[in-house]
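Residue numbers (the numbering used here): 3 to 95.
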Amino acid sequence: MWSMGKIFDTPEVVRVYTRSYWNGALTNDDFQHMFEKDEKLLVRELLDLPRCSAERKINLVVHRIRLVKVHVCILGTLRGMTPYWFGKEKSRE
């Protein structure tokens, strides 16, 4: 599990949920509280998934808009530095 940093390309630590898939009753009740807590966290995360997906899409659009703004500024500066008709050789120097 500790070498999964090469697989997942995110700075966050991957959350691992634990659960007992045994059909019968637990023989040792030491982990019952942890299983119940992880189940509640997993259900909450699954319910929040559409909201998180929308936020991720909005953040991606905002990131692309910022890149377009930078691109437009660079092209505007380059266009201002080059002449329209005359003096192309002087501007290249």
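Ideal placement from N, C-alpha and C gives every residue a C-beta, glycine not left out. Only a predicted model underlies this, so the values are computations on that prediction, with no experimental measurement involved.
Out of the options, point me to the one whose CA is closest to residue i's CA.
i	options	result
L43	R81, K71 and T20	T20
Identify the continuous alpha helix (DSSP H) that holds residue i and give its terminal residues.
i	result
R68	Q34 to M83
Does the distance between the C-beta of residue i and the nearest non-hydrogen atom of the ligand FMN fall short of 7 Å?
i	result
P52	Although the ligand FMN was asked about, the structure shown includes no ligands whatsoever.
Quick check: what's the CA-CA separation for residue i versus residue j?
i	j	result
A56	V16	20 Å
N25	H35	18 Å
V45	L51	10 Å
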